[in-house]
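Under the working numbering, think of the first position of the sequence shown as 389, with each following residue one higher. Single-structure report; data block below.
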Amino acid sequence: MDFYYPGKKFPAISVTGTRCELNCPHCQGRYLASMVQADLPEKILAFCHTLEERGGLGCLISGGCDAMGRVPLPLETLGEIRQSTDLIVNVHTGFIDPETAAALRDIQPQYISFDVPTPTVLKRVYRLPLTQNEYMESLSLVEDLTVVPHVMVGLNVEEEIRTFTLLSERGMSTVVVLVCTPTPKTPSQTWTISVDAIAASFRSARSQFTRVMLGCMRPRLRAIEEMAPLFDGIAVPTRIARDAVREAGQHPVVRETCCVVP
């Protein structure tokens, strides 16, 4: 069991600032605001050099999406970071097109965090004219790299279980599970989620993957945090999660990176 606390040694960087064309109803740019704002290539490069000088371990390169669900990554700058630093680079890509996939193969980031939405997430959250199959095809473009799929649960348990099965059948051994988070002052604030259904999705993931991580995007509900012992790692665990893990007889290792880093 690993407890992950990224913090200052592994910050999240938004390459778009708080801008996001999707403007999803559970976020609307709010979560981007908590990231390091570096919307120019020179800002990103300078920040990463300073980060390494100060003892940083790595960073998550993320940001808002364009109208087709792609994070507009500064690919040339990512290449410079890989060549000029020893930082661990985790790239959150959004939907990947063939040109971006080719560039990522040249850059060789240590990790790619790739969202695999269920049909309900595509329709209700992303509101994109894409299918899950198209996301699976996008994933296949980078399967030769170290890609870790992320799956949001909490909206349709049958689709979530099916998504885990599809990923497992593709030979994926690790998955990060996120939980739909109704956020105050957004259209999602009235959404309801079923803890029982979420638990069923958690169990499905547990049964199909070697390594299952509970990601940082989740509501900190007691019932969810108490299920922490099901996982191999937890991002920013609450006291409830920490207590549940220790009561289960597990001995967590504290890590200062993103949860995709084993």
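Positions of the beta carbon are idealized from the N, C-alpha and C atoms, including for glycine.
Bridge pairing for Ser-450: Ser-402 [DSSP].
With a threshold of 16 other beta carbon atoms within 10 Å, Glu-409 falls short and is exposed.
Separation of the CB atoms of Asp-390 and Val-563 is rounded to 15 Å, and the pair is thereby denied contact status at 8 Å. Sequence-distant Cβ neighbours of Ala-489 in its own chain, meaning closer than 7 Å and more than five residues away, are Leu-529, Val-530.
Here the stretch 506-514 does not lie against the stretch 554-561, with fewer than 3 beta-carbon pairs under 8 Å apart. Across the set Asp-584, Pro-505, Pro-575, the C-alpha of Pro-505 shows the shortest separation from the C-alpha of Glu-547. Counting along the chain, Leu-555 sits inside the alpha helix (DSSP H) bounded by residues 545-557. For Val-477, the three-state secondary structure derived from DSSP is strand. With fewer than 16 other Cβ atoms from the protein chains shown falling within 10 Å of its own Cβ, Pro-486 counts as exposed. Excluding sequence positions up to five before and after Gly-603, its CB lies within less than 7 Å of the CB of His-538, Val-564, Val-565, Leu-566, Ala-623, Cys-647, all in the same chain and listed in chain order.
DSSP places Arg-643 within a strand segment (E or B) once states are collapsed to three. Around the beta-carbon of Ala-611, fewer than 16 other beta-carbon atoms lie within 10 Å, marking it exposed. Annotated as proximal: Phe-483 and Arg-458, with beta-carbon spacing under 8 Å.
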